[in-house]
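Student: Here's a structure for you.
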Amino acid sequence: MGDVLAGIHATWEFESDAVVIRFERGIRTPKLFQTLRERRIPHEALASVTLAPGKRGTVVLHAVPRPGADPLMEAAAGQLKEGRDPYRLVLPAERETLAEYYGDELRTLLTPGAGPSEGFLVAAPEGPQSFKAFDGKAIFDGSSEVSFRWFGTGASSEKWKAGDQTFSVRELSGVEWRSPDVFDGYLRLLPRGGEPRHAQADRDPAAVVFGLGYGLVHESLPFAAAVLAAIRGAGRAAAPLEAERFDPAGVAERIRHLGELHDAGLVTDEEFTAKKAELLAQL
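Position in the sequence shown (from 1) plus 121 gives the number in this note's numbering.
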């Protein structure tokens, strides 16, 4: 389509296969939008498009993402306030006809009845990133490790005893983000194949807590989304290796082939013994 629809705080550009959302950087623009700057939303990442009356003489064009398509919205888990929803384009009411036109055009490009996405279709905010929580600093290198560095004030005795923490994304199954807009907001890293070390986030060395202006939405949510995307990416990359590792039939076939090479004199006794032990260790 290639056309542009400018609204309040954001502009949508309609490409042939995606909607590119560019956020303004003005003083009245929500800080989350300023942090995100620009997002490319493939049509396949969207479930529906709606147009509804807004507040104070406005209309709202809302592109609804499919569950599982956007790491930012997955991390938010429905906790974002309307004014911070990056999929809402607010326009003056006099532009309703134009908004309806683009909404109809976009709707025809979506797949009817599309269910949850099997993987992320929208890019996560870029790393590396860091932010200050109430009890420590959270650091993500952008690909493989998340670290928590505790503050002298704020961190619980349990966290001080555990010491500063570093987690490989391969050890994690997910991220739990509770908005700082509520009293007990926090960001918790969830271990793979296990339970959190403590039910309370302020005592869990795998969590940082928010409050008193620390861990604000525009800092902690993009961080959580970037880590979540890295975790899912690591999980997909590891899956083929795990399948090969625990496939008894595949290991047996490789041992049989190795034996043929040994019988033909192409592999020495030492090489045969060492390689066979390596293959058996995969069972």
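Heads up, the beta-carbon is just placed ideally off N, CA and C, and yes, glycines get one too.
At which residues does the beta strand (DSSP E) containing Ala-127 begin and terminate?
Tutor: 125 to 127
Student: Give me the Cα-Cα distance between Ser-289 and His-183, rounded to the nearest whole angstrom.
Tutor: 36 Å
Student: In the DSSP assignment, find the unbroken beta strand (DSSP E) run with Ala-220 in it and report its ends.
Tutor: Taken as a continuous stretch (DSSP letters only), Ala-220 belongs to no beta strand (DSSP E), being part of the alpha helix (DSSP H) at 217 to 228.
Student: Roughly how many whole angstroms lie between the Cα atoms of Val-170 and Val-303?
Tutor: 29 Å
Student: Do you know offhand how far Ala-131's Cα is from Glu-217's?
Tutor: Rounded to the nearest angstrom, the two C-alpha atoms are 16 Å apart.
Student: Using 8 Å as the threshold, is the stretch 257 to 268 in touch with the stretch 279 to 294, meaning 3 or more CB pairs across them?
Tutor: yes
Student: Which residues mark the beginning and the end of the alpha helix (DSSP H) in which Ala-131 is found?
Tutor: That residue, Ala-131, is in no alpha helix (DSSP H); its beta strand (DSSP E) goes 131 to 135.
Student: Smallest Cα separation from Ala-139: which of His-164, Thr-394, Thr-179?
Tutor: When His-164, Thr-394, Thr-179 are compared, the shortest CA-CA separation from Ala-139 is found for His-164.
Student: Between the Cα of Ile-376 and the Cα atoms of Glu-391, Ala-395, Leu-400, Asp-384, which residue gives the shortest distance?
Tutor: Leu-400
Student: At the level of alpha carbons, what is the spacing between Phe-135 and Glu-226?
Tutor: 10 Å
Student: Tell me, to the nearest whole angstrom, how far the beta carbon of Arg-205 is from that of Val-338; I am working on the premise that it is less than 8 Å.
Tutor: 6 Å
Student: Could you give the C-beta distance for Pro-317 and Phe-241, rounded to a whole number, given that I count them as a contact under 8 Å?
Tutor: Wrong, their Cβ atoms sit about 24 Å apart, outside the cutoff.
Student: How should Lys-280 be labelled, buried or exposed, when 16 other C-beta atoms within 10 angstroms of its C-beta is the threshold for buried?
Tutor: buried
Student: Closest to Ser-341 by CA distance: which of Ala-127, Ser-300, Leu-310 is it?
Tutor: Ser-300
Student: Taking the beta carbon of Leu-353 as the centre, do at least 16 other beta carbons fall within 10 Å, making it buried, or is it exposed?
Tutor: The question names Leu, yet the displayed sequence has Arg at residue 353. With 16 or more other Cβ atoms within 10 Å, it is buried.
Student: What three-state label does DSSP hand Arg-299 in the structure shown?
Tutor: The three-state secondary structure of Arg-299, taken from DSSP, is strand.
Student: Would you mind reading off the limits of the alpha helix (DSSP H) that contains Thr-156?
Tutor: 152 to 157
Student: Of all the options Arg-158, Ala-259, Phe-255, which has the alpha carbon lying nearest to the alpha carbon of Asp-285?
Tutor: Ala-259
Student: Count the other CB atoms within 10 Å of the CB of Arg-160; is the residue buried (16 or more) or exposed (fewer)?
Tutor: buried
Student: Using CA coordinates, which residue listed in Leu-219, Thr-389, Leu-310 is at the minimum distance from Pro-326?
Tutor: Leu-310
Student: Using the Cα positions of Ile-142 and Trp-133, report the straight-line distance between them to the nearest angstrom.
Tutor: 5 Å
Student: Going by beta-carbon coordinates alone, are Glu-247 and Gly-189 separated by less than 9 Å?
Tutor: no
Student: What are the uninterrupted segments assigned as alpha helix (DSSP H) that are 4 or more residues long and contained completely in the stretch 240 to 286, given in chain order?
Tutor: DSSP assignment within the stretch 240 to 286 yields the following whole alpha helix (DSSP H) runs of 4 residues or more, N-terminal first: 278 to 283.
Student: Once the 5 residues before and after Lys-253 are set aside, which same chain residues still bring their CB inside 6 Å of it?
Tutor: Tyr-335
Student: My output table needs one value for Leu-201: the three-state DSSP class, helix, strand or coil.
Tutor: In the structure shown, Leu-201 sits in coil (DSSP, three-state: anything other than H, G, I, E or B).
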